[in-house]
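If you're matching them up, the sequences are chains A and B in order. Using the working numbering, read the first sequence as starting at 1 and increasing by one per residue. Using the working numbering, read the second sequence as starting at 1 and increasing by one per residue. All C-beta atoms in this analysis are idealised placements derived from N, C-alpha and C, irrespective of residue type, glycine included. The structure under discussion appears below in the form of structure tokens.
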Amino acid sequence: MSAPVVTTSGSAASGSGQHRAVRKPARKWPVKQLLGLAGILGFLLVWELIPRAGIIEARFLPPASEVIAALGRDFGLTAFWAAVGETMLAWFLGLLMAIVLAVALGFVIGSSSVLRKLTNSTVEFLRPIPSVALIPLAVLLFGVKIESSLMLIVYASFWQVFIQVLYGVADVDNVAMQTARSYGLGTAARVRYVVFPTALPYLMTGVRLAASVALILAITAELVIGSPGLGREIALAQSGGAISGMYALVLATGLIGVLINLVMRFIERKTLSWHSSVRSEVIV
Amino acid sequence: MKPANILKALLYAVGLPAVLVLIWWAATLGAKNFFVPTPGTLLSTFAETWFGERIVSDVLPSLGRLVVGVVAAIVLGIVAGLLIGSVKWLRALTEPVLEFFRAVPPPVLVPVLMLLMGITDSMKVVVIISGCIWPVLLNTIEGVRAIDPVLSDSSHTYGITGAARVRYLVLPSAGPQIMAGVRQCLSIGLILMVISEMFASSSGLGFTIVQFQRSFAIPEMWSGIVILGLIGVAMSFIFQFTERRILRWYHGLREVENAV
Numbered sequence: 001m002s003a004p005v006v007t008t009s010g011s012a013a014s015g016s017g018q019h020r021a022v023r024k025p026a027r028k029w030p031v032k033q034l035l036g037l038a039g040i041l042g043f044l045l046v047w048e049l050i051p052r053a054g055i056i057e058a059r060f061l062p063p064a065s066e067v068i069a070a071l072g073r074d075f076g077l078t079a080f081w082a083a084v085g086e087t088m089l090a091w092f093l094g095l096l097m098a099i100v101l102a103v104a105l106g107f108v109i110g111s112s113s114v115l116r117k118l119t120n121s122t123v124e125f126l127r128p129i130p131s132v133a134l135i136p137l138a139v140l141l142f143g144v145k146i147e148s149s150l151m152l153i154v155y156a157s158f159w160q161v162f163i164q165v166l167y168g169v170a171d172v173d174n175v176a177m178q179t180a181r182s183y184g185l186g187t188a189a190r191v192r193y194v195v196f197p198t199a200l201p202y203l204m205t206g207v208r209l210a211a212s213v214a215l216i217l218a219i220t221a222e223l224v225i226g227s228p229g230l231g232r233e234i235a236l237a238q239s240g241g242a243i244s245g246m247y248a249l250v251l252a253t254g255l256i257g258v259l260i261n262l263v264m265r266f267i268e269r270k271t272l273s274w275h276s277s278v279r280s281e282v283i284v
Numbered sequence: 001m002k003p004a005n006i007l008k009a010l011l012y013a014v015g016l017p018a019v020l021v022l023i024w025w026a027a028t029l030g031a032k033n034f035f036v037p038t039p040g041t042l043l044s045t046f047a048e049t050w051f052g053e054r055i056v057s058d059v060l061p062s063l064g065r066l067v068v069g070v071v072a073a074i075v076l077g078i079v080a081g082l083l084i085g086s087v088k089w090l091r092a093l094t095e096p097v098l099e100f101f102r103a104v105p106p107p108v109l110v111p112v113l114m115l116l117m118g119i120t121d122s123m124k125v126v127v128i129i130s131g132c133i134w135p136v137l138l139n140t141i142e143g144v145r146a147i148d149p150v151l152s153d154s155s156h157t158y159g160i161t162g163a164a165r166v167r168y169l170v171l172p173s174a175g176p177q178i179m180a181g182v183r184q185c186l187s188i189g190l191i192l193m194v195i196s197e198m199f200a201s202s203s204g205l206g207f208t209i210v211q212f213q214r215s216f217a218i219p220e221m222w223s224g225i226v227i228l229g230l231i232g233v234a235m236s237f238i239f240q241f242t243e244r245r246i247l248r249w250y251h252g253l254r255e256v257e258n259a260v
């Protein structure tokens with residue numbers, strides 16, 4: 001009997017499945033890190049030189065040093081941290097709501113084949129609808145408040161988690177399920193001890209994807225609708241001509257994105273530390 | 001399949017949507033709700049709004065930009081990904097920078113590029129490219145990196161190098177991973193198409209829909225949401241079809257593996 005191998009699902013997302021074993025233990029860390037550092041420095045140098053050499057005018061693309069200085073100034077401002085706080089609040093609330101909804105619905109629908117068949121066409125139709133299509137509706141319903149951002153975030157991240165939970169619940173090993181049945185485990189116990197552990201790796205992949213999607217949507221809502229947060233600050237800086245300030249904010253959103261990725265990977269590793277199979281990574 | 005089974009599958013497929021539409025119809029039947037049009041109104045508005053000259057002036061240009069942007073992003077992403085993925089030091093050099101660019105939410109590029117290029121068609125295409133390229137690029141790098149070393153060594157031994165190596169070893173190995181990237185790239189592309197038009201434009205789908213919302217033309221606004229949804233659904237169908245064709249060997253392989 002083969003152990004239930006967890007590959008990341010989504011028909012094509014599991015590309016490197018059979019190559020997992022060959023991942024090198026990367027003993028040459030220092031070299032790799034130094035090269036990475038050199039890459040970052042090289043990038044900043046090129047960015048510094050392009051406006052200095054006049055290839056692009058400095059009023060459209062300020063040199064890197066100027067932007068980093070502006071970012072440093074931002075770090076000392078309460079307004080900046082307030083905006084970051086607004087964005088992160090919308091991100092967190094939206095993500096949380098999406099996860100709770102998706103897990104509840106996913107477990108219910110995933111564990112019944114009739115429900116799965118019934119909802120399949122509707123899910124496949126609703127899922128590809130771009131969340132930005134809801135922007136006008138959000139504005140109409142909530143105006144420039146955090147609820148607008150939440151609506152978009154929840155819609156977009158819901159599908160990421162929901163689909164993964166569906167795959168995960170469907171992946172339950174039949175033998176394990178039958179065994180649990182013959183040992184007289186009730187429905188609740190079966191969900192807790194058989195279905196949940198099987199679905200957890202899928203769920204975590206979904207949550208990690210949803211976390212970055214939620215950030216994109218949070219920033220988008222602020223940028224386009226004007227609900228409070230970093231995105232609105234970017235739009236304001238741009239229309240106000242504070243160009244270095246705008247680039248600094250863009251850098252800040254990138255840093256937040258990197259941070260979210262790191263934290264999510266950390267959480268994933270912690271929650272799945274018990275999981276025997278090394279999982280292939282999906283790249284967002 | 002037996003006719004009874006086909007009927008059953010059909011019932012499963014249309015059952016829930018039919019019930020939902022019925023509920024929608026019943027709910028909007030009595031009181032006139034300002035925010036939600038009836039199914040009938042929506043349908044007739046949809047036909048009126050989008051099957052006139054708008055299809056030429058707004059829909060087609062938007063779709064054109066989307067296609068150009070997405071195709072360019074896929075091609076650039078795969079080419080750059082093949083290069084970076086096969087050269088070890090290049091990968092180490094670029095990895096942190098690429099990680100950062102991937103983490104930047106693509107919509108913030110709209111104001112940046114607006115500044116650099118002005119509000120033009122090419123700016124919108126560049127927005128789409130610069131947002132869509134990352135999933136393709138990073139998945140290609142990862143796919144190329146993860147080529148089975150035995151296959152790689154074998155092809156070396158047989159003297160398969162250059163273009164033949166890319167064609168017969170690298171692309172097929174990285175294929176599933178690349179397609180996963182392409183799928184993400186498509187949905188990001190659609191989002192960026194709409195946003196670039198909402199943010200700064202005087203034509204296009206995104207602009208038109210926001211215009212409807214601002215002038216409280218509610219049924220028209222809903223019809224815009226519907227058309228964006230339809231585009232999304234159509235793109236996902238086209239993608240699934242192409243993916244099935246390109247990766248037919250891979251899905252077959254998986255089926256055999258799963259059957260054991």
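Chain B contacts made by the region 239-250 of chain A, where a contact means CB separation under 9 Å:
Ser239, Ile243, Met246, Tyr247, Leu249, Val250
For Val213(A), which residues in the same chain have their Cβ closer than 7 Å to its Cβ, ignoring the five residues on either side in sequence?
Ala156, Ser157, Gln160
Cβ closer than 7 Å: which chain A residues qualify as neighbours of Gly52(B)?
Under the 7 Å cutoff, chain A gives no residues; its nearest Cβ is about 20 Å from Gly52(B).
May I have the straight-line CA-CA distance separating Arg127(A) from Ile231(B), to the nearest angstrom?
12 Å
Name the chain A residues whose beta carbon is nearer than 8 Å to that of Leu16(B)?
Leu118, Thr119, Ser121, Thr122
Output yes or no for whether 8 Å exceeds the beta carbon distance between Ala248(A) and Leu71(A).
yes
Under a CB-based cut-off of 8 Å, is Leu140(A) close to chain B?
yes
Should Arg145(B) go down as buried or exposed, given a rule of 16 or more other Cβ atoms within 10 Å for buried?
buried
Tell me, please, whether the region 209-219 of chain B touches the region 129-144 of chain B by the rule of three or more beta-carbon pairs shorter than 8 Å.
no
Which word fits Arg102(B), buried or exposed, when buried means at least 16 other C-beta atoms lie within 10 angstroms of its C-beta?
buried
I need the straight-line Cα distance from Leu29(B) to Ile225(B), nearest angstrom please.
22 Å
What residues in its chain sit with their C-beta under 7 Å from that of Leu109(B), if we drop five residues either side in the sequence?
Val127, Ser130, Gly131
Between Asn5(B), Glu99(B), Thr41(B), Trp24(B), which lies nearest to Phe43(A) when the distance is taken from Cα to Cα?
Glu99(B)
Reference Gly39(A), options Ala92(B), Val59(B), Leu192(B), closest by Cα:
Ala92(B)
So what's Val36(B) in DSSP terms, helix, strand or just coil?
coil
Measure from the C-beta of Ser236(B) to each C-beta in chain A and report whether the shortest distance is under 8 Å.
yes
Given this structure, state the Cα-to-Cα distance separating Gly229(B) from Ser154(B), to the nearest angstrom.
47 Å
Here's the rule: buried if 16 or more other CB atoms are within 10 angstroms of the residue's CB, otherwise exposed. What is Ser223(B)?
buried
N-terminal and C-terminal residue of the alpha helix (DSSP H) that Phe100(B) is part of
88-103
Does any residue of chain B bring its CB to less than 8 Å from the CB of Ile163(A)?
no
What number of angstroms, rounded off, separates the C-alpha of Ser14(A) from the C-alpha of Met179(B)?
Any reading at Ser14(A) needs caution, since the residue's pLDDT is 40, under 50, leaving its predicted position unreliable; the model's value is listed next. Taking the straight line joining both Cα atoms gives about 10 Å.
Val165(A) beta carbon less than 8 Å from that of Val103(A)
yes
Considering only residues of the same chain and omitting the five flanking positions on each side of Arg265(A), which have a CB-CB separation below 8 Å?
Arg208
Chain B partners of Asn174(A), CB-CB under 7 Å?
Under the 7 Å cutoff, chain B gives no residues; its nearest Cβ is about 13 Å from Asn174(A).
Start and end of the alpha helix (DSSP H) containing Trp24(B)?
3-27
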